Structure formats: C-alpha cells, structure tokens
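In the numbering used here, the protein residues as written are 7 to 307. Contents: one structure, followed by commentary.
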Amino acid sequence: MSHSNLIWLAPRESDHRPTTKQTILIVAGDIIRMENKCEKEKRVERMPVDEMTSKDYYFDSYAHFGIHETVLDVGCGTGILSMFAAKAGATRVIGIEMSNIVEHAKKIVAANNLDKVVEIIHGKVEEVTLPVEKDRQYKDDKINWWDSVYGFDMSCIREVAMTEPLVDVVEAKQVVTNSCLVKEVDLYTVKKEDLAFSAPFHLQVRRNDYVHALITYFNIEFTKCHKRTGFSTAPEARYTHWKQTVFYFDDYLTVKHGEEIFGTFTMKPNERNNRDLDFQIEMEFHGELSDCQESHKYKMR
Ligand SMILES: C[S@@+](CC[C@H](N)C(=O)[O-])C[C@H]1O[C@@H](n2cnc3c(N)ncnc32)[C@H](O)[C@@H]1O
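Here is the structure:
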C-alpha cells in the first residue's frame, strides 16, 4: 500500500453506537480502522465520508473523529504518523519498524515528548508480539480459558479463578502506574493483629494504556546488619521465587497519562483457616475514557 492509496474503513451508521472502542491500524502509511467492539467508551463523532478530501483523511481525520483509541503504525519509519496519531489524542500508539531507522524514530518520539503515548518496536510486523496482545493473552490463558475448555463451558470455575490472586512474573514494562506503600511491618515489634489491615492507595498513571489488574510485591530490608542489606520483589527488580501477585479486575480500565486511581486495600487471615488470606480491593477511577467504582474480594490459599 502506498501513501496515496489511503484506506479508511469508517464505521457504518449501524456501528455508530454510543459505546465504541476501536483499534486503528496504520500500514506503512495507510490507516485502517480494524475493530469496532462495543465497550464502555465515549461517543465517536463522524463526518460523512463523502465530504472528506484525502487531506482530511491524512491529516485531519483524527481530529474529526477525536481518537481515543489504540493505533498500530506498521512500518512507522521515522514515526511521523505515530506522532500525528498521538497529537490527535490516540490513547496509545505502537509503531513497528523493521529497519534501523527505528533508532531515530525512538529519539524523535522522545524529543517531541510523545514517548508516554508512542511506543516504537523494532521488528517485522509478522514476528513481533504486541505489548497489548501480551497482557490480554495472559488473562485469556489464565482466566478466560475457563469460558471454553475444549469446547465446554466451565465459566463457573472462571469466577473462582478470578477471586484467586495469581502469583506470577509481571514484567516492569507492563506496569503503567507508580507504586504506593500499603503496609510496613517491623519484625521486631509486629503483633499478630497488625497483619490484618486496611490501607488506602492512590496511584498515578504514567502512560496511556489499559489496566487489567493491580499488582502487589514486597521489599525487605535487614536494617540491623552492619552493612544495610535487603532485596525487592518489585517487577523492575531481579527475579525472585516470590514473583509478584496479580489481582485481576472483571473488566479493564482505559487510562490516560496523569489520571489517578484511588482505593482501599484490605488483607486479613481467613477466619476458618488462618493460613489463607482474604483480600478486598475497593477501587475508584474517573478517567476521560472510562469510569469505575467497584469492590472485589479475593482469597489466597
Ligand atoms: C513507505 S515507508 C513509510 C514510513 C512512515 N510510515 C512514513 O509515512 O513516513 C514504509 C516503511 O515500512 C517498513 N516496513 C516494510 N515492511 C515491514 C514489515 N513487514 N514490518 C515492519 N516494518 C516494515 C519499511 O522499513 C519502511 O520504513
């Protein structure tokens, strides 16, 4: 496809629902609207396609449509189209480029302060794994798998799987917010009753992305040693067998850089078996693209 052969698959009237979420694909300079899934998102206004000039399509179409979506720029070259998409309000832009110009694209995106929205990936589109796919794929493997197990509906197990925090490795690049301390325990002074606690949390979103889960981890410090020593089980730290703990939400949030997630994290030993842990996460988010106020219970055996 060439630049002059620009394709825009505009939604039909019947697709023009109040709640839409789209993924837009730019293929070596062409723009193709890929998906039109019904989601809890805001209305997308459109101008009649017949009235658009090719200039409208190329430069202004993002503005007309008010993009709040994910854009995939395949063959992004210097990243120029990725930056157009970001400037026009795309939630997230992923530029893929197989040639070495990719290193310039990364610098250009950073020089224009768009690296919070635009991620440039080096590789062939046929071979790279998209970060978005990875997060969703993980949840599909661990949770949504129960919806159809060799064709059988076992979704009642899915409900149980959802309430069990998952201990697994989370890559640092999958984390989209800062972290927030919920509890500090001093092993010299801690009392049994201190281990049942409730703490507020407040997270700041660092890039436009989707949030599927909350993650917990711990840091250890041996403060009485001659030489201060310790380690971290954070996603950005070296692997430990504690890995991280993932608390999935039923649905995901669409978040933008600078938005905030508030909530309360509660943990207590289970009353019947005090080696099990009961958790409750209350969460509140009011973003430009999604809203939620919910409470989830989890049980760790
Ligand atoms: C015509 S240039 C367009 C560059 C940029 N999108 C622009 O509009 O300025 C096409 C780019 O696609 C890249 N490309 C071609 N096939 C690709 C593939 N399979 N995977 C990733 N990049 C590819 C090429 O290396 C080249 O940089």
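For each residue, glycine too, the CB sits at the ideal point set by N, CA and C. Just so you know, these numbers come straight off a predicted model, no measurement behind them.
Pull up the distance between the alpha-carbon of residue i and that of residue j, whole angstroms please.
| i | j | result |
| --- | --- | --- |
| residue 246 | residue 239 | 6 Å |
| residue 231 | residue 189 | 22 Å |
| residue 41 | residue 280 | Here residue 41 scores only 33 on pLDDT, less than 50, and its place in the model is too uncertain to base an answer on. |
| residue 49 | residue 291 | Any reading at residue 49 needs caution, since the residue's pLDDT is 34, under 50, leaving its predicted position unreliable; the model's value is listed next. Whole-angstrom Cα-Cα distance: 19 Å. |
| residue 148 | residue 99 | 26 Å |
| residue 133 | residue 104 | 10 Å |
| residue 227 | residue 237 | 7 Å |
| residue 201 | residue 305 | 15 Å |
| residue 92 | residue 180 | 20 Å |
| residue 162 | residue 117 | 50 Å |
| residue 284 | residue 82 | 47 Å |
| residue 194 | residue 219 | 33 Å |
| residue 71 | residue 77 | Note that residue 71 has pLDDT 42, beneath the 50 cutoff, so the model's placement of it is unreliable and no number is given. |
| residue 244 | residue 127 | 24 Å |
| residue 186 | residue 287 | 14 Å |
| residue 289 | residue 170 | 17 Å |
Given a threshold of 16 other Cβ atoms within 10 Å of its Cβ, counted over all protein chains shown, does residue i qualify as buried or as exposed?
| i | result |
| --- | --- |
| residue 88 | buried |
| residue 214 | buried |
| residue 129 | exposed |
| residue 90 | buried |
| residue 258 | buried |
| residue 112 | buried |
| residue 175 | exposed |
Check whether the Cβ atoms of residue i and residue j lie closer than 8 Å to each other.
| i | j | result |
| --- | --- | --- |
| residue 121 | residue 102 | no |
| residue 255 | residue 208 | no |
| residue 251 | residue 204 | no |
| residue 96 | residue 123 | yes |
| residue 173 | residue 249 | yes |
| residue 183 | residue 211 | yes |
| residue 261 | residue 196 | no |
At least one CB of chain C closer than 8 Å to the CB of residue i: is that the case?
| i | result |
| --- | --- |
| residue 117 | Looking at the structure shown, chain C is missing, and only one protein chain is on hand. |
Starting from residue i, trace the alpha helix (DSSP H) both ways and give me its first and last residue.
| i | result |
| --- | --- |
| residue 90 | 86-93 |
Start and end of the beta strand (DSSP E) containing residue i?
| i | result |
| --- | --- |
| residue 109 | Taken as a continuous stretch (DSSP letters only), residue 109 belongs to no beta strand (DSSP E), being part of the alpha helix (DSSP H) at 107-117. |
| residue 78 | 76-80 |
| residue 235 | 235-238 |
| residue 304 | 297-306 |
* To do: May I have a chain-ordered list of the beta strand (DSSP E) segments no shorter than 3 residues that lie completely inside the segment 148-214?
  => Whole beta strand (DSSP E) segments, 3+ residues: 172-174 and 203-210.
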